[in-house]
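Under this note's numbering, the sequence shown has 22 at position 20, and the numbering climbs by one with no breaks.
A short worksheet on the structure shown next.
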Amino acid sequence: MPRGDKSKYTDKQERKADHIAEGYEKRGVSDKEAERRAWA
């Protein structure tokens, strides 16, 4: 279920979520799933 518009997040929050997603992707999680987990 979509959580809405991500434009309300700060730059710091976006960088942190990107970094978390990269970590998941390095462990073999799909791009879409890594992005979902990072923003959860």
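Yeah, the Cβ is synthetic: ideal placement off N, Cα and C, and Gly gets one too.
Just so we're clear, the structure is a prediction, and the values are computed from it rather than from any experiment.
Extent of the continuous alpha helix (DSSP H) to which residue i belongs
i, result
"tyrosine 26", "13-28"
"alanine 40", "33-41"
Classification of residue i by the beta-carbon crowding that lies within 10 angstroms, buried from 16 upward
i, result
"alanine 40", "buried"
"alanine 23", "buried"
"alanine 42", "exposed"
Helix, strand or coil at residue i [DSSP, three-state]
i, result
"aspartate 7", "coil"
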